[in-house]
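Residue numbers (full-length UniProt numbering): 1 to 72.
Here a beta-carbon is modelled for each residue, glycine too, at the ideal position from N, C-alpha and C.
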């Protein structure tokens, strides 16, 4: 099974909406845990990767794929 790849700055849609009413989140930290920030109210939440992947609906906007290569 292929492991999903996420990047900092990706905008993702979660299955359940945040209490402020939006279900769009921005990834602001990656690792064993993933920190996501609500696009609507800017509240951030630290979620274990396994829970994040089960609650994720889809990636809406991906960060630019050439951002890492721009520094080279």
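Query raised in the report: Could you give the C-beta distance for residue 8 and residue 27, rounded to a whole number, given that I count them as a contact under 8 Å?
Result: Locating residue 8 in the chain shown gives position 8, where the first residue counts as 1. Locating residue 27 in the chain shown gives position 27, where the first residue counts as 1. Residue 8 to residue 27, Cβ: 6 Å. Contact.
Query raised in the report: Any idea what DSSP makes of residue 15, helix, strand or coil?
Result: Residue mapping note: residue 15 aligns to position 15 of the chain shown, counting from 1. Residue 15: coil per DSSP, three-state reduction.
Report task. May I ask you to list the residues that DSSP assigns as paired with residue 38? Result -> Along the chain shown, read from residue 1 onward, the residue named residue 38 stands at position 38. Looking at the DSSP assignment, residue 38 forms a beta bridge with 25.
Query raised in the report: For residue 54, which three-state DSSP category applies?
Result: Indexing the chain shown from 1 puts residue 54 at position 54. DSSP places residue 54 in helix when its eight states are reduced to three.
Requested in this report: Starting from residue 44, follow the beta strand (DSSP E) in both directions and report where the run begins and ends.
Outcome: One-based indexing of the chain shown puts residue 44 at position 44. Looking at the DSSP string, the run of the beta strand (DSSP E) that includes residue 44 is 44-48.
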